[in-house]
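Q: Position one of the sequence shown corresponds to residue 13 (the numbering used here), numbered consecutively onward.
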Amino acid sequence: MIKKILGTIGKSVVSGGNFEIPAHDSPLFAKIDWEKLPRHVAVIMDGNGRWAKGQGMLRTAGHTAGVKTLKNILKTAIGLELDALTVYAFSTENWKRPHTEVEFLMNLFSEYLKKELQEMHEDNVQIHFIGRIDGLPESLQEQMREAEGLMKDNTGVKFNVAVNYGGQDEIVRGVQSIVRRVQAGELAVADIDEHIIESSLDTQGNLPVDLVIRTSGDQRLSNFLLWQAAYAEFWFTETNWPDFTPECFVDAMVDYAGRDRRFGGLTKPDKE
Ligand code: IPE
Ligand code: IPE
Ligand code: MG
Numbered sequence: 013m014i015k016k017i018l019g020t021i022g023k024s025v026v027s028g029g030n031f032e033i034p035a036h037d038s039p040l041f042a043k044i045d046w047e048k049l050p051r052h053v054a055v056i057m058d059g060n061g062r063w064a065k066g067q068g069m070l071r072t073a074g075h076t077a078g079v080k081t082l083k084n085i086l087k088t089a090i091g092l093e094l095d096a097l098t099v100y101a102f103s104t105e106n107w108k109r110p111h112t113e114v115e116f117l118m119n120l121f122s123e124y125l126k127k128e129l130q131e132m133h134e135d136n137v138q139i140h141f142i143g144r145i146d147g148l149p150e151s152l153q154e155q156m157r158e159a160e161g162l163m164k165d166n167t168g169v170k171f172n173v174a175v176n177y178g179g180q181d182e183i184v185r186g187v188q189s190i191v192r193r194v195q196a197g198e199l200a201v202a203d204i205d206e207h208i209i210e211s212s213l214d215t216q217g218n219l220p221v222d223l224v225i226r227t228s229g230d231q232r233l234s235n236f237l238l239w240q241a242a243y244a245e246f247w248f249t250e251t252n253w254p255d256f257t258p259e260c261f262v263d264a265m266v267d268y269a270g271r272d273r274r275f276g277g278l279t280k281p282d283k284e
């Protein structure tokens, strides 16, 4: 048994490339409380640059390594039967980076889609891109639309990839679409409520975010899912994204299971 556990851990840590969807009774999931899993997990995949620097490599090597991590975490999310996994791949602020790094990332997204498309489809994933997609290179937009179309009837994990995404930008676009509906006479101002705003966001159709994970030590949202994470739990780790393993993801699930989510109420109301 111990050998089996070590085997699983070793495989995911070392290879990163051929990690399979873990079965329900996999040793990886031994500590999982299936009744207390988050349904929607969001991940700020941070620390690729720091990881690369630590290895004496260029920042871009960190991004390449990060893609392998993403593949393993998606497989783990599928094994856990999460409803949705939303990952932050490129923010509206990341355009401030050197042109070479931005170009490298755009190519990497394109390569990732080319390489992983079929396997994600076979894994019953529903991919969806969130963010200001029309600001991305035309060929990448085309690939994204194709991927979404291919997987639109799948019923497994909703895999939302945030590219050129900013929570504030998303809210601005949502407000614009609501105002257009008001101007067209389709919606009354008095009918604008939380539900209308939620359904005008890129994540419409998803459950609220239960858990936000951020790797590499920084503890901030960096403009990610400002509306959707209103009542999310947060889990931070010092581990850089390329070193983040399925075991780390499971640690976050176990920690989440122990949280007391009160949503403004009381867990055990005192007797009056
Ligand atoms: C996250 O890693 C990936 C992207 C933002 C695209 P970083 O590139 O931010 O890595 P650090 O934070 O500089 O180490
Ligand atoms: C957030 O990371 C964006 C992504 C992970 C894509 P950043 O590295 O861009 O965030 P800051 O600059 O540390 O806030
Ligand atoms: Mg960073």
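We put the beta carbon where it would ideally sit given N, CA and C, even for glycine.
1) Tell me whether residue 161 is buried or exposed, calling it buried when 16 or more other Cβ atoms sit within 10 Å of its Cβ.
2) Check whether the stretch 256 to 269 and the stretch 43 to 52 touch, using three or more Cβ-Cβ pairs below 8 Å as the test.
3) Please give me, in chain order, every unbroken run of the alpha helix (DSSP H) with length at least 4 that falls completely inside the stretch 148 to 173.
4) Is any heavy atom in ligand 3 found nearer than 6 Å to the beta carbon of residue 135?
5) I'd like to know whether the C-beta atoms of residue 33 and residue 90 end up nearer to each other than 7 Å.
6) Regarding residue 58 and ligand 3, is the C-beta to nearest heavy atom distance less than 6 Å?
7) Given a cut-off of 7 Å, decide if residue 223 and residue 268 are closer than it, judged by their beta-carbon atoms.
8) From the DSSP output, in three-state form, read off residue 235 for me.
9) Among 213, 113 and 253, whose alpha-carbon lies nearest the alpha-carbon of residue 7?
10) Between which two residues does the alpha helix (DSSP H) carrying residue 76 extend?
11) Going along the chain, which residues of its own chain have a beta-carbon closer than 7 Å to the beta-carbon of residue 152, five neighbours each way excluded?
12) Just list the residues that DSSP pairs residue 253 with in beta bridges.
13) At a cut of 8 Å, does the stretch 223 to 232 reach the stretch 141 to 156 through at least three beta carbon pairs?
14) With distances taken Cα to Cα, identify the nearest neighbour of residue 74 among 58, 84, 87 and 86.
15) Any heavy atom of ligand 1 closer than 6 Å to the CB of residue 147?
16) Just to confirm my understanding: we take residue 229, look at its own chain, exclude 5 residues before and 5 after, and list those with CB closer than 6 Å. What are they?
17) For residue 99, which option in 272, 256 and 236 has the closest C-alpha, if you only look at C-alpha atoms?
18) Quick check on residue 142: does DSSP put it in helix, strand or coil?
A: According to the structure data:
1) Its Cβ having fewer than 16 others within 10 Å, residue 161 is exposed.
2) yes
3) 150 to 162
4) Every heavy atom of ligand 3 is 6 Å or more from the Cβ of residue 135, so no.
5) yes
6) yes
7) yes
8) coil
9) Any answer about residue 7 is impossible in this case: the structure gives the chain only from 13 up to 284.
10) 71 to 91
11) Here the set comprises 118, 121 and 122.
12) For residue 253, which the question treats as bridged, DSSP gives no partner whatsoever.
13) no
14) 58
15) Incorrect: residue 147 has no Cβ contact closer than 6 Å to ligand 1.
16) Hits under 6 Å: 250.
17) 236
18) strand
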